[in-house]
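Participant: Below is one structure. I have some questions about it.
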Amino acid sequence: MMNNIRNQKGFALLLSTIIILGGSLILAGGFLVLASTEIKISQTKLKSLQSYYASEAGLEDAIYRVKNAMQYSSSYNLNVGQNQTTITVNATTASATIESQGSAENRIRKTQTVFDLPTTTVGFSYGSQIGDGGLIMGQNSRVNGSVYSNGSITGASGARITGSAWVAQGTAPSVDQSWETANSDYGVGTVSGSIISTLDSSGDVGEYTSLALGSDGFARISYYDATNQDLKFARCLDENCATKNVTTVDSSGNVGSEYTSIALGSDGFARISYYDGSNNDLKFVRCANADCTTKNITVIDSSGDMGQFSSLALGSDGFARISYYASSGGNLKFVRCTNADCTAKNINTLDSSGDVGKYTSLALGSDGLARISYITESGDDLKFARCTDADCATKNINTVDSSPNIDRNTSIALGSDGFARITYYDDGSDNLKFAQCTNADCTTKNITTLDSSGDVGRYSSLKLLSDIARIVYYDGSNGDLKYIQCANADCTTKNISVPDPDNVGQYTSFVFGSDNFGRISYYDVGNADLKFLRCAQDPCSPSAPQVDVAQSFQPAATNRAVKADLYLKKVGSPANATLRLISDSGGSPGTSVLATGLLNASSVGSSYGWLTVNFSTTPTLNANTTYWLVIDAAPDNSNYLVWGGDSANGYTRGAGKKSNDWSIGNWSNLNADLNFRVYMGGTDNQISTVSVDGSAYAHFMDTVTVGGNAGAFTLNSGTIGGSVSADTISNCTIGGNASYNVKTSCTIGGTQTTPTTPPSDPAVQAMPITQEMIDAWKAQAEAGGTINGDCGDGGVAGCDIPTNGTLTLGPKKINGNLILQNNQTLIVSGTIYVTGYIDIDNGSAIQLDPSYGTKSGLVFSDGTIHLANNGNFSGSGQAGSYLMLMTLASGGGHHGGAIDLHNNASGVIFYAANGLVYLHNNVNATQLTAKAITLDNNATISYDPGLANALFSGGGSSGSFKVKSWKEIE
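Using this note's numbering, the letters of the sequence shown map in sequence onto residues 1038 to 2007.
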């Protein structure tokens, strides 16, 4: 039984094990079935994704082909790995719809994209835009709109532009000669030593001068006009007396000889004493204005032969004191005026001890009483009188020098001690002498011979600087004006200089300026002129002028000279200067001026920089011939230009020189080369014989009528309604304001500004269509296929248009000509590129397909375009759509035109990238853009403003694509 029980337990255990194993097998089988199902699902999803990716790849392939104008079919297959996609392309001129169906083991996915095809914006902003060939306008031709030309605009009577006109700069000149090594400074408008000016050269003028300085520091000079026997007066308007006003003060007989004497009243106006040789009277004039054009003249002493050798000073009351010689009786006399015009006065005889009183010189002491030096003819002595009352009724008289033959030209000054210093001429020894009085009456004195080197000392004039004498005088042996700078009180040591050695120096008069340097008036003996000298330092050394400075050069080639660059800086505020281009004469600048230009000093900085000066004319210079650039400046040692230069003389085709005045010459070597550039060659563009309703801008304008403003370098013969900015204007009428540098025969209604900086020429403007655009259009046309042979009338199969027939074509390349001659119509559905010529005649037409919408399209050719007998053109029919006919030809047609128009053409843009458009008589066109344009008589261009931003469809890679949708479809 126990065995039976054990057997039952073993069977149950075996059965349990079998059950457990069976369940495990069933469970494992279930898992296997589930896993197999999941694998199948995953494989299906994978194939679907592969199908989608193949579809996407198809879209991208088609987009790439369309975008880059590559060859494609409207439906084609593409293998993508182990899968395949079928692509359908539906493209118009404006947009494209692409569908792609991908397949992976019968798993199908479809995608679609819609996008706008690229457009190229071409701006036709002018009625006509022209290249460097320019615009020629026949009689009564017209542009209704504006014109921008890179070449000249020339017209005939009645030619008119209703908008504005711009003519760009011509071909730029290039540097022919230059030197740019700068290691030294060279002043322009500077003088070391003395600055000499000729004040009056109108006859024999300048004897008996007398000089005073006004509160402005400028000279006032009285002098004698021997040619007309008049008293004259000069008021200098600058410190060098380069400009002045000259007035004849008295012409009533022989007046002003044998000495004049001048002083300035508190009103700044001159008082002058002088001798009337016709009536033998002492006269006095009180000027009532600055130039003495109004004055009061008084006869002071007519009691015999009175008034020679007068000397004038003004008392503290402002009234005149005058010493003078009475030839009748041979006496020294003195008058104290008691009113301004000296109509009331007290006259006294000071000395009657023989023939006395010639060559008087008068000064007033600190007591207001007179001190007078003079000569005695009877004793040949130098005498001195110190008045002890106002009328000199009482006085102390002493002989200062009784050496034999003391004669002529005394000059007196008072030291700070109140004692006299006197210069005078010793006729016995022909020497200049100086007396330093050491007491009030000069009974004690030191006498020094100042100069004994020949016949020297006449016409001396004395002034004191810190009690030390400065003297100017005449060297009769050498004909020199001389100057002494004393080094001590009695002038036993001194420096003698010769400020002017040119046969000059009689009748000197001398004063100090506010700089303590001398101002001298004197007579030029050789030329019989009045001269003025301003000392630039003390002693008054000879003039070493560097006022006008020049640099020579030799052109390498024969060509026109246009402008020059100068390397300049400035000190202070110099005046404007003139740059002159001058021919050579014997190795220096001559007097033949070829061109000039304004050197605007306000454009020069305090540090070096290059300044461009344009020449007013453009003369032709010959190769290897010497010419000079000359800066003509005004002398001013405080305000001047500095020209950078090379002290090593490195420039081998020229040299630097300097002069006081280029027109006189006297050039000396600068021993340096100055920095410069000379520009030669190039061309200048112009507007001529044209009426412009708007504004006009060009380098040169001639015979123009402009309604608005005008900007030019040169304006000649024109009527301008607005304002003008130019370098040179001539023979013109200007309604508005005018800014210029040179004006000749012009009437100006508004304000005038000169000098000015002339306007720059308008810039050369690029043509609106680039080579990149042209290349893209060629590619798009070629993508539509190629026709080998002519199209249109008598065209090849598939491109033949019968009489009165119509053909839709494009995009397409035609290896041949496009000929429409018998009322044939070409409808453009895409860009057409013709390798031959285009000829449109007898009512034939070209129009854009309506699918262009608001966009524009084009037909273009390598050959010429000819239009005659009512050819017709139109866009798509919607506003803003235009047809463009473009040629790449440079010429070869009728009149040499790349485009030849015989009849009206509206709604079309004509474009000749490289050649001429010729518009015949009475023809009207909408827009012309070309390298050159000729309008026959009465031809018209009527601009359509909508052309400013024309959109050309199918511009290739130069345009932009706009994706409108991208999605998966059923």
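Where a beta carbon is used, it is the ideal one built from N, C-alpha and C, also for glycine.
1. Over what stretch of residues does the beta strand (DSSP E) that includes I1785 continue unbroken?
2. From V1584, G1687, N1651 and Y1688, pick the residue whose C-alpha is nearest to that of P1210; which is it?
3. Taking the continuous beta strand (DSSP E) assigned at M1921, which residues delimit it?
4. In chain order, what residues of the same chain lie with their CB nearer than 6 angstroms to the CB of T1235, ignoring the 5 residues before and after it?
5. Rounded to the nearest angstrom, how far is the Cβ of S1580 from that of P1536, given a contact under 8 angstroms?
6. Out of G1890, N1540, L1083 and K1519, state which residue places its alpha-carbon closest to the alpha-carbon of N1532.
7. Going by beta carbon distance, what residues of the same chain come within less than 6 angstroms of E2005, once the five residues before and after it are set aside?
8. Measure the alpha-carbon distance for C1374 versus S1239 and round it to whole angstroms.
9. Could you check what DSSP says for W1699 in three-state terms: helix, strand or coil?
10. For the stretch 1886-1971, which segments carrying the beta strand (DSSP E) assignment without a break, of at least 3 residues, lie completely within its bounds, in sequence order?
11. Where in the stretch 1191-1219 do unbroken runs of the beta strand (DSSP E), each at least 3 residues long, occur, reported from the N-terminal end onward?
12. Give, in chain order, every unbroken run of the beta strand (DSSP E) that is at least 3 residues long and sits entirely within the stretch 1584-1609.
13. Going by beta carbon distance, what residues of the same chain come within less than 6 angstroms of C1273, once the five residues before and after it are set aside?
14. Taking the beta strand (DSSP E) that Q1166 falls in, what are its first and last residues?
15. Whole angstroms are fine: how far does the CA of A1816 sit from the CA of A1106?
16. Go ahead and pull the three-state DSSP assignment for Y1688.
17. Decide yes or no for the touch test of the stretch 1341-1354 against the stretch 1385-1393: beta carbon pairs closer than 8 angstroms, at least 3 of them.
18. Name, in chain order, the residues that DSSP records as bridge partners for I1508.
19. Let me check one thing: in DSSP terms, what residues is F1713 bridge-paired to?
20. Contact between the stretch 1550-1558 and the stretch 1590-1599: three or more CB pairs below 8 angstroms?
21. Between which two residues does the beta strand (DSSP E) carrying I1838 extend?
22. So, with DSSP's three-state summary, where would you put L1274?
23. Suppose contacts are defined by Cβ-Cβ distances below 8 angstroms. Is A2082 in contact with N1676 by that definition?
24. Out of A1614, T1481, D1454 and T1633, point me to the one whose CA is closest to K1420's CA.
25. Excluding the 5 residues preceding and the 5 following S1221 in the sequence, name in chain order all residues of the same chain whose CB lies nearer than 8 angstroms to its CB.
26. When the Cα of E1819 is compared with those of P1795, G1847, G1826 and V1833, which residue comes out closest?
27. How big is the Cα-Cα spacing for G1787 and T1740?
28. Let me confirm a value: W1699 is counted as buried when at least 16 other C-beta atoms fall within 10 Å, else exposed. Which label applies?
29. Since V1509 contacts I1557 with CB under 8 angstroms, what's their CB separation in whole angstroms?
30. The alpha helix (DSSP H) with E1244 in it runs from where to where?
31. Bridge partners for I1412 per DSSP, in chain order?
32. In terms of alpha-carbon separation, which member of G1416, D1404, T1330 and L1349 lies closest to G1367?
33. So which of G1314, T1331 and N1316 has the shortest CA-CA distance to V1322?
34. When the Cα atoms are used, what is the spatial distance from S1725 to A1660?
35. What are the boundary residues of the alpha helix (DSSP H) that includes I1811?
Facilitator: Considering the structure as presented:
1. Boundaries of the beta strand (DSSP E) harbouring I1785: V1779 to I1785, taken from the DSSP string.
2. N1651
3. L1920 to T1924
4. D1566 and K1568
5. 7 angstroms
6. Checked all of G1890, N1540, L1083 and K1519; the closest Cα to N1532 is K1519.
7. T1148
8. 34 angstroms
9. coil
10. 1894-1898, 1902-1904, 1909-1911, 1920-1924, 1936-1938 and 1942-1956
11. 1202-1204 and 1211-1216
12. 1585-1590 and 1596-1608
13. F1255, A1256 and K1281
14. S1165 to M1174
15. Residue placement at A1106 is flagged as unreliable, the pLDDT there being 48, under the threshold of 50; a coordinate-derived value is accordingly withheld.
16. coil
17. Because the criterion of three Cβ pairs below 8 angstroms is not met, the stretch 1341-1354 and the stretch 1385-1393 do not touch.
18. BP columns for I1508 point to L1499 and I1521.
19. In DSSP, F1713 forms a bridge with W1216 and L1603.
20. no
21. First-last for I1838: undefined, no H or E at that position.
22. coil
23. In the structure as shown, the chain begins at 1038 and stops at 2007. Residue 2082 is therefore absent and cannot be evaluated.
24. T1481
25. Cβ neighbours of S1221 beyond the five flanking positions: G1681, G1682, D1683, S1684 and A1709.
26. G1847
27. C-alpha of G1787 to C-alpha of T1740: approximately 21 angstroms in a straight line.
28. buried
29. Rounded, the Cβ-Cβ distance is 5 angstroms, consistent with contact.
30. Note, E1244: premise wrong, no alpha helix (DSSP H); beta strand (DSSP E) at V1242 to L1250.
31. Beta-bridge partners of I1412 (DSSP): K1395 and L1419.
32. Per the Cα distances, G1416.
33. T1331
34. 32 angstroms
35. Annotation: the continuous alpha helix (DSSP H) that includes I1811 extends over Q1808 to A1820.
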